[in-house]
Amino acid sequence: PNLSDLTHIAVCGAGAMATGAAVAASVANPHCGIPLTLHRTDTLPAWVAGPQALVLARSHTGHDPEPLAALTQAAEHGARVAAITTGGPLAEACTQAGGVVWAYAHGGPASTALAFAAALPLALLSRGGLIPNPADDIAGAVQALRGQQQRLRAESPVTRNPAKRMAGQFMDRNVLLFGSGFMAPVARRWREQAAAMGKAWAQFEELPDALHAGLAGLQYPEALIPKFMALFLETEFDSPQDQQRLQDARLLMMTSGFNTDSVRGVGPSPLAQLLTAAHYGDYVSYYLAMAYETDPAPVEVLER
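Here my numbering = 1-based position in the sequence shown + 524.
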């Protein structure tokens with residue numbers, strides 16, 4: 525679609541699809557000349573109205589209520605609508621509203637479709653003339669992912685498999701995940717996968733905001749400090765200021781007695797480093813499930 529006359533794009537979704545959209549936004553925002561915002565609830569601000577606003581609804585199955593409600597509201601307010609989904613009610617509602625539907629085929633759960641969730645919005649923005657063609661970045665990311673997988677896969681022994689060792693550090697600890705700039709959505713992704721696959725609680729914090737409030741609370745309860753594991757997600761594509769903030773935050777937690785470690789994305793582009801860092805976290809969560817002797821696939825608590 526031609527998007528050159530838009531003044532704003534609101535991306536709507538929840539869970540893994542919203543996180544994938546946040547990854548796409550991290551890559552697109554340095555190039556996109558109009559605001560690109562992410563909405564995880566079923567209501568939209570009043571300014572999302574009229575033909576110069578586009579609502580891009582994201583749902584893997586097409587059954588998530590939040591993007592469906594947001595798309596319906598947008599259509600009622602005269603905004604343009606589009607959907608990226610495998611089908612379902614979302615595709616039907618978008619078609620009925622005169623919107624564009626990009627359908628893709630993927631038989632697994634939403635949590636395994638991060639690449640679709642990130643790459644397809646980038647392709648849409650590119651075809652609409654808002655960002656450069658991401659084809660080279662996507663190809664570089666695929667190559668980086670394949671290279672990383674060799675040392676993370678199950679056949680790789682623990683002595684040469686950093687994801688298995690990281691899962692060991694996560695066991696019986698409260699995990700704190702930190703990301704700044706480009707990596708903030710990946711910190712959320714690690715949290716989501718630790719819960720969905722590892723059935724373990726984790727939290728994420730975004731920098732620099734954590735340095736303004738959250739990291740003031742490192743003293744108490746003192747007895748629980750050894751039971752925390754703080755992991756910092758790094759990329760060379762963060763600004764020098766954000767990279768320094770990440771190091772400052774880690775030093776602050778180390779000197780306060782917290783266990784800390786870091787993971788750095790690999791590859792030639794921001795997209796590659798975002799996806800490889802997320803890929804690493806997916807393996808950690810899988811091995812955490814194995815360590816806890818639990819099935820990583822079902823999420824019964826969310827299906828009740």
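Yeah, the Cβ is synthetic: ideal placement off N, Cα and C, and Gly gets one too.
1) Between which residues of its own chain and Ala734 is the CB-CB distance below 7 Å, once the five residues before and five after are set aside?
2) Give me the Cα-Cα distance between Ala634 and Ala546, rounded to the nearest whole angstrom.
3) Do you know how far the Cα of Leu527 is from the Cα of Pro569?
4) Would you mind reading off the limits of the beta strand (DSSP E) that contains Leu798?
5) Which residue comes first and which comes last in the beta strand (DSSP E) that contains Asp762?
6) Measure the alpha-carbon distance for Val710 versus Ala621 and round it to whole angstroms.
7) Rounded to whole angstroms, how far is the Cβ of Pro591 from the Cβ of Leu614, which I believe are closer than 8 Å?
8) I believe Ala603 touches Ala577 by the beta-carbon criterion, under 8 Å. Please report the beta-carbon distance rounded to the nearest angstrom.
9) What are the partner residues of Phe702, as DSSP defines its beta bridges?
10) Please list the terminal residues of the continuous alpha helix (DSSP H) segment that includes Trp714.
11) Nearest CA to the CA of Tyr816: which residue from Arg697, Asn685 and Leu731?
12) In this structure, does DSSP put Ala565 in helix, strand or coil?
13) At a threshold of 6 Å, does Trp714 count as lining the ligand SAH (C-beta to nearest heavy atom)?
14) DSSP state of Leu650, grouped into three classes?
15) Helix or strand or just coil, what does DSSP make of Leu530?
16) Under a three-way DSSP split, which group does Leu580 fall into?
17) Give the straight-line distance between the Cα atoms of Glu824 and Phe756, rounded to the nearest whole angstrom.
18) Who are the Cβ neighbours of Phe761 in its own chain at under 7 Å, not counting the five residues just before and after it?
19) Comparing alpha-carbon positions, which option in Gly781, Asp566 and Ala719 lies nearest Val579?
20) Under the assumption that Cys556 contacts Leu649 (Cβ atoms under 8 Å), give the Cβ distance between them as a whole number of angstroms.
21) Where does Gly574 land, buried or exposed, given buried means 16+ other C-beta within 10 angstroms?
22) Would you report the Cα separation of His584 and Gln743, rounded to the nearest angstrom?
Taking the definition as stated:
1) If we look at Ala734 and ignore the five residues flanking it on each side, its Cβ neighbours are Phe702 and Ala773.
2) 15 Å
3) 20 Å
4) Looking at the DSSP string, Leu798 is not in any beta strand (DSSP E); the run it does join, the alpha helix (DSSP H), is Pro794 to Ala815.
5) Neither: Asp762 is in no beta strand (DSSP E) and is coded neither H nor E.
6) 33 Å
7) That pair is a contact at about 6 Å.
8) Ala603 to Ala577, Cβ: 4 Å. Contact.
9) Glu729 and Phe756
10) Ala708 to Ala720
11) Arg697
12) Going by the sequence as given, residue 565 is Thr instead of Ala. Reduced to three states, the DSSP call for Thr565 is coil.
13) As presented, the structure is devoid of all ligands, the ligand SAH included, so that no description of it is given.
14) Checking the sequence shown, residue 650 turns out to be Ser, not Leu. Note: Ser650 maps to helix in three-state DSSP.
15) coil
16) Strand.
17) 30 Å
18) Around Phe761: Phe706, Pro794 and Gln797.
19) Comparing Cα positions, the closest option is Asp566.
20) 7 Å
21) exposed
22) Their backbone Cα atoms lie some 42 Å apart in a straight line.
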